[in-house]
Amino acid sequence: MRLADRAMPVLLVVAAVMFAAAPFLIDAAPEESTMGLVQKIFYFHVPAAMMTFAGAFACGLASAAFLWRRRPEADHLALAGAELVVLFGVIVLVTGPLWARKAWGVWWQWDARLTITLVMWMVFVSYMLLRRFGGPGSEVLAAAVGVFGMVLVPFVYLSVHLWRTIHPTTNVIRSLPPEMRWPFLWCTVAFLFLFAALLIARARLETARAALERAYLALED
Amino acid sequence: MQMHPTEIATALANLQQMTLAIETPPGESIPGIRLQQMTLAVQTPQSEFIPGSQLPTEVLPATPFVFIAYAFVWVALIGYLFGLWRKLTRVERELAQVATRVEGRRTP
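Chains as they are written, first to last, in this note's numbering: chain A, 1 to 221; chain B, 1001 to 1108.
Structure follows, in structure tokens:
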């Protein structure tokens, strides 16, 4: 059994414990002065956004490795990363508008940060659709899409500094007081452990599917 | 589209503040003075004073938004994890069965 497969249940248990404790820490954190209670969405919204970036990097780097060496393991990891971008991206795109409705008075604003985040998420949805309906050989084209999706990450991150936007800047994280920083770090680490466990499990599923396909072919011969 | 007098007055007052913010040499006429006169002309007289504490402070309650956001995260993550676990279990079980059949064919 590989090291990653052995680490997966441990990561999952630690993440579960951390997620169970998270609401108590978030509840104990002080309310933000201008937004009040609704700002507490931040403790899950931002880590989910970070995991979206992590998934995009996992997919993009694994796709680049697959395009270079054509190793199936890289392709399985790329697919797992893309699926996690879609999952954590949905969380970001649902919790963000819930926060915005209260803080800004609107569900959605077509500003740089929100729009480019939606575009990046749609690129990875395209990746998944390509893998699902693209037929044989679609993994190569999908890998190119995965690399392109990863390239969008710096633009999403820097969009709040490059263009005028109503979204809070990335400096907010650095300026957090300790009583808000620790719950945030706790949630980020919980999301990170969960992300790692899901990435390993999803890649393992894809490896098992490929092995099953080979076993059926061997049975037919 | 016709504007309500109070809306015109508010808009002019904002414009006046912006205009007066521009530094001009003393003694020179500035557009802000005329604006002030216009503002006074269109502003309707106030018939009552309301303390700020009596104004509505929060239209939308925050609790439902926070609750829905956290509930969605939990449901999405648990749902995905459960779905993934089911698929993984099914595929690995099927793989073990097929592998046994392949081995059975190979052994004479």
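The C-beta atom is built at its ideal place from N, Cα and C for all residues, glycine as well.
Candidates the options, of which the one nearest residue i by Cα
i: Trp1085/B; options: Trp104/A, Pro9/A, Phe155/A, Val14/A; result: Pro9/A
i: Leu87/A; options: Ala1099/B, Glu1094/B, Ile1068/B, Leu1081/B; result: Leu1081/B
i: Ala142/A; options: Arg164/A, Trp186/A, Ala80/A; result: Ala80/A
i: Val123/A; options: Ala49/A, Arg71/A, Gly149/A, Ala144/A; result: Gly149/A
i: Tyr157/A; options: Glu179/A, Val147/A, Pro136/A, Asn171/A; result: Asn171/A
i: Ala211/A; options: Phe1072/B, Leu1088/B, Leu1095/B, Val1066/B; result: Leu1095/B
i: Ala28/A; options: Phe191/A, Pro178/A, Ile166/A, Val189/A; result: Pro178/A
i: Met50/A; options: Ala208/A, Leu205/A, Leu185/A; result: Leu185/A
i: Pro23/A; options: Thr115/A, Ile41/A, Met35/A; result: Ile41/A
i: Phe53/A; options: Val85/A, Pro136/A, Arg6/A, Val125/A; result: Val85/A
i: Val1059/B; options: Met35/A, Val189/A, Thr95/A, Pro47/A; result: Met35/A
i: Leu228/A; options: Ala48/A, Pro72/A, Leu77/A; result: This structure cannot speak to residue 228/A, because chain A is shown only from 1 to 221.
i: Val92/A; options: Arg131/A, Pro47/A, Phe66/A, Ala103/A; result: Pro47/A
i: Asp5/A; options: Ala215/A, Arg214/A, Ala196/A, Tyr216/A; result: Ala196/A
i: His167/A; options: Asp221/A, Gln39/A, Gly146/A, Ala15/A; result: Gln39/A
i: Leu199/A; options: Ala1069/B, Leu1088/B, Val1075/B, Phe1065/B; result: Leu1088/B
i: Ser126/A; options: Gly55/A, Cys59/A, Val145/A, Trp99/A; result: Val145/A
i: Tyr43/A; options: Ile26/A, Gly55/A, Trp68/A; result: Ile26/A
i: Leu118/A; options: Phe19/A, Arg181/A, Leu152/A; result: Leu152/A
i: Phe1065/B; options: Trp182/A, Val140/A, Trp99/A; result: Trp99/A
i: Val140/A; options: Leu219/A, Gly55/A, Leu37/A, Leu67/A; result: Leu67/A
i: Gly96/A; options: Gln1046/B, Tyr1070/B, Ser1047/B, Glu1048/B; result: Tyr1070/B
i: Thr165/A; options: Cys59/A, Ala215/A, Ile116/A, Leu12/A; result: Ile116/A
i: Glu206/A; options: Ala21/A, Met18/A, Glu73/A, Trp110/A; result: Glu73/A
i: Val90/A; options: Val1091/B, Ser1047/B, Trp1074/B; result: Trp1074/B
Simplified DSSP assignment, three categories, for residue i
i: Glu83/A; result: helix
i: Glu32/A; result: strand
i: Asp111/A; result: coil
i: Leu1077/B; result: helix
i: Phe24/A; result: helix
i: Phe1067/B; result: helix
i: Ile91/A; result: helix
i: Ser1029/B; result: In this prediction, Ser1029/B scores a pLDDT of 49, lower than 50, which makes its location untrustworthy; no coordinate-derived value is stated.
i: Ile1050/B; result: coil
i: Trp1085/B; result: helix
i: Thr117/A; result: helix
i: Ala103/A; result: helix
i: Gly1104/B; result: helix
i: Gly96/A; result: helix
i: Val1059/B; result: coil
i: Pro1045/B; result: coil
i: Arg2/A; result: coil
i: Ala7/A; result: helix
Cα-Cα separation between residue i and residue j, rounded to whole angstroms
i: Gly1052/B; j: Phe57/A; result: 51 Å
i: Glu31/A; j: Leu176/A; result: 12 Å
i: Gly1083/B; j: Phe133/A; result: 20 Å
i: Phe191/A; j: Leu129/A; result: 26 Å
i: Arg2/A; j: Asp75/A; result: 18 Å
i: Arg1106/B; j: Arg209/A; result: 22 Å
i: Ala64/A; j: Trp108/A; result: 34 Å
i: Leu71/A; j: Leu217/A; result: Just to set this straight, residue 71/A is Arg in the shown sequence, not Leu. Roughly 20 Å between the two C-alpha positions.
i: Ala1099/B; j: Arg1093/B; result: 10 Å
i: Leu114/A; j: Val106/A; result: 13 Å
i: Arg69/A; j: Val160/A; result: 36 Å
i: His45/A; j: Pro1061/B; result: 19 Å
i: Arg1101/B; j: Arg101/A; result: 58 Å
i: Ser138/A; j: Ala103/A; result: 43 Å
i: Asp221/A; j: Thr188/A; result: 50 Å
i: Phe1072/B; j: Ile1050/B; result: 41 Å
i: Ser33/A; j: Gly135/A; result: 53 Å
i: Ile173/A; j: Pro1045/B; result: 48 Å
i: Leu11/A; j: Cys59/A; result: 20 Å
i: Leu219/A; j: Val94/A; result: 46 Å
Terminal residues of the alpha helix (DSSP H) in which residue i lies
i: Trp68/A; result: 42 to 69
i: Val189/A; result: 178 to 220
i: His167/A; result: His167/A -> no alpha helix (DSSP H), and no H or E assigned at all.
i: Ala144/A; result: 138 to 162
i: Arg174/A; result: 171 to 174
Classification of residue i by the beta-carbon crowding that lies within 10 angstroms, buried from 16 upward
i: Glu83/A; result: buried
i: Leu1055/B; result: exposed
i: Leu162/A; result: exposed
i: Glu1023/B; result: Since pLDDT at Glu1023/B reaches only 49, below the 50 mark, its modelled position is unreliable, and no value is offered.
i: Trp121/A; result: buried
i: Arg204/A; result: buried
i: Thr1063/B; result: exposed
i: Arg131/A; result: buried
i: Ala15/A; result: buried
i: Arg202/A; result: buried
i: Ala1011/B; result: exposed
i: Phe1067/B; result: exposed
i: Thr169/A; result: exposed
i: Ile1078/B; result: exposed
i: Pro183/A; result: buried
i: Gly55/A; result: buried
Contact test: residue i Cβ vs the ligand SAH heavy atom, cutoff 6 Å
i: Glu206/A; result: Ligands in the displayed structure: none, and consequently the ligand SAH is not present.
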